[in-house]
Each structure stands twice: as C-alpha cells, then as structure tokens.
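Residue numbers (the numbering used here): 17 to 182. Down below is the structure, laid out as structure tokens.
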Amino acid sequence: MARRAQHSRFHLWLLNRVLWRIIPFNRPHRLEIVKISDDALEIRIPYRRANFNHIKGLHACCLATVAEYATGLLLVMQVDPTRYRLIMQAMHMEYHYQGKMDGFARFSIDQSRLEQEVFAPLASQEAVVFSPEVQIHDQEGNHLVTGIIHWQIKRWDKVRTAIERG
C-alpha cells in the first residue's frame, strides 16, 4: 500500500486511514503522511487541541511520537519485518522551539548507511542498534525538535522471547 501511496493521493489518504486504525495510539493525534517515497517521508503534526500542551503549543510527547513513527515506518519499509524484529530501544529528544502551528517531521534513509550499519553487521552479530535522526519544523521553517531514535534490529531466529498469540 505504501508503494501505491507514493503516486496516488487516494492511496496516500487510504494509507493514513489504515495506519490510524492499526496503530490506535496515534489515532487521536491525526498524524498525516503528506509525502512518501522508498527512502523518505514527511508527516504533518496538526496544530489541534488533542496535540496541545498546557500552553497551547505542540506537546512534547506528540512530537516524540511522530519522531518514532517516522523512523519506524520508513525502517519497516526498508528492513524486512518478516526477517528482522525492530524494537525501539531508546530515544533522545532535543526541543528547540515551541510549536504554535502545524509541524512537519521529515526523515530519509540512505540505503548505503543501512547496508553499512545494519545489514553488514547482522551477518556477524546477533543484533544492531541503528540510531537515525529526525528533525521536526513548523510550517514557517522554525526548528522545533531534533530526535534520535535508537532501534534494535535483530534476526527473528535470534530472538529469545516468545511471541504470545492471542
């Protein structure tokens, strides 16, 4: 579906609705993918009450959520989730400016960086930690946040915890 969303406004709309449904935690935020390609995406954080903090700015937790969402979604498109388990290990957020309008998270992945930092090391290691950076700006270009999300990537055959099927 993500591939079709790259070239079709309808499929982009549909992708957003499906993601709101399958990731219920994100639904109230109405985080919206506005651009998507094989190696980059842009997500809009609407300036709306559900995303406000106590002084009517974009809430720090909402901004952290979109940083995780952007990096995780693009990683799932690049790293086969049937072969590898992706799990967030840690995040580091640096807040620079109060968001008083829509925000935009922009994130891209360089295939050579993935090969060098993920796939090559996984040939000889059980797991790797990949730490991409995502920046969030408001619609006027003010730099709101820099987030570094640390993702642990491990081959499923190396995972020791059992998956509970309900």
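Here a beta-carbon is modelled for each residue, glycine too, at the ideal position from N, C-alpha and C.
Of the other Cβ atoms in all chains shown, fewer than 16 fall within 10 Å of the Cβ of I71; this residue is therefore exposed. Within the DSSP bridge table, the entry for R46 names no partner. Non-local beta-carbon contacts of Q114 in its own chain, meaning distances under 7 Å to residues more than five positions away in sequence, involve G73 in chain order.
Taking a C-beta distance under 8 Å as the contact criterion, A86 and M109 do not qualify as a contact pair.
A18 sits close to M93, with the two beta carbons spaced by under 8 Å. Approximately 32 Å separates the beta-carbon atoms of H23 and M107; this is outside 8 Å, ruling out the contact. Here A136 is exposed. Its C-beta has fewer than 16 other C-beta atoms within 10 Å.
The residues R171 and W172, in chain order, have a CB closer than 7 Å to that of R99 in the same chain once the five nearest residues on each side in sequence are set aside.
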